[in-house]
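So the mapping is simple: this note's numbering equals the position in the sequence shown, first residue as 1, plus 1255.
Cβ coordinates follow ideal geometry from the N, Cα and C atoms, glycine included.
Written below as structure tokens is the structure these notes are about.
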Amino acid sequence: MRLRPGGRRARLRAQGCGGVGRGPAHASWGRLVTAGTFTTVDGCALTFDVVGKGQPVLWQHGLGAPLDQPVEVFPQDSGLQRITLMCRGHDVSSLGDPSRLSIAQFADDALALLDHLGIEQAAVGGISLGAAIALRLASLNAVRVAKLVLARPAWVDAPSIARQHGHRVAAQYLETYGAEEGAERFRASPEFLEVKAASPDNAASLIGFFKRPRPDTTIALLSRIPLDWPGVNRAQIARIRRPALIIGNDQDYVHPLAYARELAGLIPGARLSEITSKTIDRAAYVAEFRNALASFLPDVGGDR
């Protein structure tokens, strides 16, 4: 792990007991596990999860997803340290000012977490929204990124409003009808049925939004993030000079395999791994995802 003293840490107000806002560390199957909270410069309290003692990997979740999502596919006993920031409005992280919700803000928060933990450089990656955060970091803050993983990307170099329209419709149904009735009505909507026909797994995720414990955060996130994008153009993406792994699968309406292939073509030397869709075989999806990460992430290095 590459550490640096100070950084922006002085601008962060630690929460809870001990150190720099970390929660109690404990052993889990021989691994160091730390949960903690820190407060951003604009007063938003965010939670994070750290497991392992090896090379640091910032590994981010998708939009509206729980911590279980990135944890499930991360290789076990890999000698890596997984660091996951629960973005604004996720898990028990504060929502903050809804007008600040954006991929750019989430990326800034991720950098603030690395500063908070004293980590100068890490492998950076994530799923869907997490991939967008990682792409922005690698394009605009390359010195902090050792390796890059973009898994099931939902954006390339522009908004993807049409493919994410169902998210915004789900937010409207949730706000208008509440969780139970909203989900029932949404199941009959043309937007849901279109997604379901192409990707039952994506459809299940859309229904899952109605089950999140904090409806206000769900409405705020789904109303804004699907209109956003990573904020980096094709030329900036093509200038990335870090080892990169792109993971994609077919039968994925929101995260087209074409996006993964396009990004793999844009980033010099990027490795493309096409894995089984959850719609086809969830166990194979998880196993192939873990194998792709395990064959790429160890021995984290910077420039080629």
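Contiguous beta strand (DSSP E) assignments of at least 3 residues, all confined to the segment 1457–1540
Within the segment 1457–1540, the complete beta strand (DSSP E) segments at least 3 residues long are 1499–1503, 1526–1529, listed from N- to C-terminus.
According to DSSP, is L1403 part of a helix, a strand, or is it coil?
strand
By the three-class DSSP mapping on this structure, what secondary structure does Q1331 have?
coil
Residue span of the alpha helix (DSSP H) that contains T1295, given as start and end
Run containing T1295: none; DSSP gives neither H nor E here.
Any contact of the segment 1532–1551 with the segment 1431–1439, i.e. 3+ C-beta pairs under 8 Å?
no
Could you pull out every residue in the same chain whose Cβ sits closer than 7 Å to the Cβ of L1340, ignoring the five residues on either side in sequence?
L1301, F1303, Q1315, D1364, A1365, L1368
Bridge-paired residues (DSSP) for V1312:
R1337, A1378
Distance between L1405 and G1385 (C-alpha atoms, nearest Å):
8 Å
Given this structure, state the Cα-to-Cα distance separating A1391 from L1518, to the nearest angstrom.
Correcting the residue identity first, residue 1391 is Arg in this sequence and not Ala. So the alpha carbons of these two residues sit roughly 13 Å apart.
For the ligand NAD, any of its heavy atoms closer than 8 Å to the Cβ of A1438?
Judged by which ligands are present, the structure shown has none, so any question about the ligand NAD falls away.
Own chain residues within Cβ distance below 7 Å of V1411, not counting five before or after
Y1514, E1517, L1518
What does the alpha-carbon distance come out to for the pair L1482 and D1352?
One alpha carbon belongs to L1482, the other to D1352, and they sit about 17 Å apart.
Give me, in chain order, the residues of the same chain whose beta-carbon lies closer than 8 Å to that of L1461; leave out the 5 immediate sequence neighbours on both sides.
Once the five neighbours on either side are set aside, the close Cβ partners of L1461 are G1421, H1422, A1425, F1441, F1447, V1450.
Would you kindly work out how many angstroms separate the C-alpha atoms of A1452 and S1444, rounded to a whole number?
12 Å
According to the neighbour-count rule (16 or more other Cβ atoms, all chains shown, within 10 Å of its Cβ), is S1283 buried or exposed?
The pLDDT assigned to S1283 is 39, lower than 50, so where the model puts this residue is not dependable; a value taken from the coordinates is nonetheless given after this. That one is exposed.
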